[in-house]
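So the structure is just underneath, and the comments pick up after that.
Numbering (our numbering), first residue to last: 172 to 701.
Next comes the structure, spelled out in C-alpha cells:
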C-alpha cells in the first residue's frame, strides 16, 4: 500500500514539474497535448487533478510566483477605482480591449458628443483569454486614464431595469451573448463588454411589451488579435473580421424607463446619431437617412407607435423608406380556420378584402405624407403573399363577400404583376414614388441588403439570423417582430399591436425601426409605449 502511495505521489510531482517546464519553455499555459512528449498521459492528469482547468487553478494557487516570472499578471484588468457617475440622463457605453490601441479619432468624437449632449462616456474593459494565457499581462492604452472617462469593472446599475454587467466575455468569442440570455429575463437588461455588436430580446414572462434585452456595444480600440498559438489563429482571424468600432447610447428617463440605440464609426472615427454626423474635429454635419420601419400589418397597426416614429423621424432627410408586411391579409387569411375566429372576423367587420386593401393603402399614404421620403419601397413579404395564395387557390369562388373584388385583381396572377399593387390600383391612384419590390429584387445601400423580408431561408428552409448572415452578409430585415443584431445582420420589430391573437403567451415582440445611413452605419430605434 505504501509503495502504491509513493508511486501516486511521484506521478503527481511529475505532472507539477512537467507543468513548470512547459510554462518555462512555451511561455504559455499548457494544454493536454503538451504533456504527451513528457510521457504524461491525459488519464494521469485527470486522475490526480480532474480537468486541465483544475490543474491551472492548482498551479496558480501553489506556484504563482514561478508562473508570474513568465506571465507578469495573468489576471490584470482596469483598476476599479472609477465607476459610473450619478446624475446623468445619457450614457455612451463602449468596450476597450486589452493590448489594443485606442481608436483616437473615435475617442475624440465620443468626448465631443458627450460634451455636446451632456452625456457620460463609460468604458467596459475586455480581454482575450488566449492573450492573457500567452502573454504576460493585460495592458490598456493609457489614454483611458482620462478622468472624464468612467470605467466599469463591477456590476453597475444605470437604473432599476438596466445594468452594466462585469461578466468577462472573451474579446474573441464568436457570439458574445451566448449563454447569457437567462440573466436578462430575470433581472433586467444588460450590457456586456465585447468588441462586437449583438442584441437579443428576451420575454419578461407574460408581461407583453416589457421585454428585456442583452447587448454588446462594440469597441473604442483598434482590432489587435495576433497570437502565436496555432489553435487560436482561426479565432483571431474571425475576431478581426467581426470587430466593430462602436458604442451604445443609453437615455435614462427615470428609475424604471430607459431607451438605447447603437452607433458605429467610420475609419476616421466619425459616427452618426439620429441623422447628425459627429466628427473628431468637433464639427457636425446633417446626413441623408434611410428608414426601415417595423412590419406594418395595417389591420392591426398600432397608431401610437406609428405616430411616435413619425415624430422621431420627421426632422431627418429621408431618401428611402422601406416597408415590410404592409398588408395583414386578415380578411382572407388561410390561417383563420377556427369557427370562433371566423365569426369574430365577420362581427368586427374585418372580413372585407376591399376594405382591408383600402385601409392598407391609407396607412402607407399616411406614413408617406408625414415622413416625405424620396422613395417608398414596399418589400415583398409573406403576409402580402397571402393575397396571392388566396387567389391562386381559388378560395374567392366560395367567398361571396369578396368574390366580386377578387375577380378584378385575379387576372394579375397570369400577367406577372404585383397582386397587391394591382389591388391598390383598382381603388386608388398610386403615388409615383412608391416602388413594389419582388422576391427576386436586391436593393443595397452601402452593401447593406434592404430588399429581403427575412422569412425565406436557404433551399426553402425557415430563416434565422445565422442563415441571413450566410445569405446576405450585411442586411436589414423584418418578419419575426423581434428586433435583433448579430454582427452585420440587423432586424427590425413590428409596428403592429403587440397582441395579435395568434402570438399567445410569452413574446419577445418589439416595436422597433432602423435608420440606415448612406455610409452603412445603422441604429435600431425603439418605441417603449406607456
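By construction, the Cβ of each residue, glycine as well, lies at the ideal position given by its N, Cα and C atoms. From a predicted model like this one, the values you see are computed outputs, not experimental measurements.
#1: Roughly how many angstroms lie between the CA atoms of residue 683 and residue 467, to the nearest whole one?
#2: So residue 523 and residue 604 are in contact, right, with Cβ under 8 Å, and what is the actual spacing, rounded?
#3: Rank 527, 507, 506 by C-alpha distance to the C-alpha of residue 498 and give the top, closest one.
#4: Under a Cβ-count criterion, where at least 16 other Cβ atoms within 10 Å of its own Cβ denotes burial, should residue 321 be classed as buried or exposed?
#5: For residue 329, which residues from the same chain have a beta carbon less than 8 Å from its beta carbon, with the 5 sequence-adjacent residues on both sides left out?
#6: Excluding five sequence neighbours on each side, which residues of the same chain lie with their C-beta closer than 8 Å to the C-beta of residue 391?
#7: Cα-Cα, which of 687, 326, 283 is closest to residue 360?
#8: In the DSSP output, what is residue 388 paired with across the bridge?
#9: For a minimum of 4 consecutive residues, which ranges assigned as the alpha helix (DSSP H) are wholly contained in the stretch 419-452?
#10: Considering only the alpha carbon of each residue, which of 389, 347, 566 lies closest to residue 366?
#11: Determine, using beta carbons only, whether residue 337 and residue 369 come nearer to each other than 7 Å.
#12: Rounded to whole angstroms, what's the CA-CA distance from residue 236 to residue 456? Just pull it up for me.
#13: Across the stretch 630-641 and the stretch 553-567, are there enough close Cβ pairs to call them in contact, namely three or more that are closer than 8 Å?
#14: To which residues does DSSP link residue 266 through a beta bridge?
#15: Leaving aside the five residues before and after residue 186 along the sequence, list all residues of the same chain whose C-beta is less than 8 Å from its C-beta, in chain order.
#16: Only counting the same chain, and skipping five residues up and downstream in sequence, which positions put a Cβ closer than 6 Å to that of residue 232?
#17: If you reduce the DSSP assignment to three classes, tell me which class residue 285 lands in.
#18: Which residues does DSSP list as the beta-bridge partners of residue 493?
#19: Secondary structure at residue 180, three-state DSSP: helix, strand or coil?
#20: Give the straight-line distance between the Cα atoms of residue 539 and residue 547, rounded to the nearest whole angstrom.
#21: Does the distance from the CB of residue 625 to the CB of residue 664 come in under 7 Å?
#22: On the three-state DSSP scale, how would you describe residue 666?
#23: Let me know if residue 453 comes out buried or exposed under the rule of 16 or more other beta-carbons within 10 Å of its beta-carbon.
#24: How long is the line joining the alpha carbons of residue 342 and residue 394, rounded to whole angstroms?
#25: Apart from the five residues on each side of it in sequence, which residues of its chain come closer than 6 Å, Cβ to Cβ, to residue 480?
#26: At the level of alpha carbons, what is the spacing between residue 581 and residue 386?
#27: Comparing C-alpha positions only, which one of 533, 451, 543 sits nearest to residue 488?
#28: For residue 437 and residue 690, which I take to be in contact (beta-carbon distance under 8 Å), what is that distance rounded to the nearest angstrom?
#29: Compute the Euclidean distance between the alpha carbons of residue 483 and residue 477, then round it to the nearest angstrom.
#30: Could you tell me which whole alpha helix (DSSP H) segments of length 4 or greater appear in the stretch 522-546?
#31: Nearest by alpha-carbon distance to residue 450: which of 660, 440, 364 is it?
#32: Looking only at its own chain, which residues have a Cβ that is under 7 Å from the Cβ of residue 787, when we skip the five neighbours before and after it?
#33: For a minimum of 4 consecutive residues, which ranges assigned as the alpha helix (DSSP H) are wholly contained in the stretch 626-693?
#34: Mapping DSSP to helix, strand and coil, what is residue 253?
#35: Would you tell me roughly how many angstroms separate the C-alpha atoms of residue 314 and residue 271, rounded to the nearest one?
#36: My understanding is that residue 686 touches residue 352, with C-beta atoms under 8 Å, so please give their C-beta distance in whole angstroms.
To lay it out plainly:
#1: Roughly 11 Å between the two C-alpha positions.
#2: Not a contact, Cβ separation roughly 28 Å.
#3: 527
#4: By the neighbour-count rule (16 or more Cβ atoms within 10 Å), residue 321 is buried.
#5: 255, 262, 335, 421, 423, 429
#6: 265, 266, 267, 273, 274, 277, 278, 281, 294, 416, 418
#7: 326
#8: Partner(s): 368.
#9: none
#10: 389
#11: no
#12: 55 Å
#13: no
#14: 295, 390
#15: Counting only Cβ-Cβ distances below 8 Å, and skipping sequence neighbours, we find 206, 211, 215, 216, 219, 220, 226.
#16: Non-local C-beta neighbours of residue 232 in its own chain, meaning closer than 6 Å and more than five positions away in sequence, are absent.
#17: helix
#18: In the DSSP output, where bridge partners are listed per residue, residue 493 has 463, 548.
#19: helix
#20: 7 Å
#21: No, the Cβ-Cβ distance between residue 625 and residue 664 is not below 7 Å.
#22: coil
#23: exposed
#24: One C-alpha to the other measures close to 10 Å.
#25: 684
#26: Take the alpha-carbon of residue 581 and the one of residue 386: they are about 46 Å apart.
#27: 543
#28: 6 Å
#29: 10 Å
#30: 524-542
#31: The residue with the shortest Cα to Cα distance from residue 450 is 440.
#32: One cannot answer for residue 787 here, as it falls past the ends of the chain, which runs 172 to 701.
#33: 636-643
#34: At residue 253 the pLDDT is 43, less than 50, meaning the model places this residue with poor confidence; the figure from the coordinates comes in the next sentence. Residue 253 falls in the coil class under three-state DSSP.
#35: 11 Å
#36: About 26 Å; that fails the 8 Å criterion.
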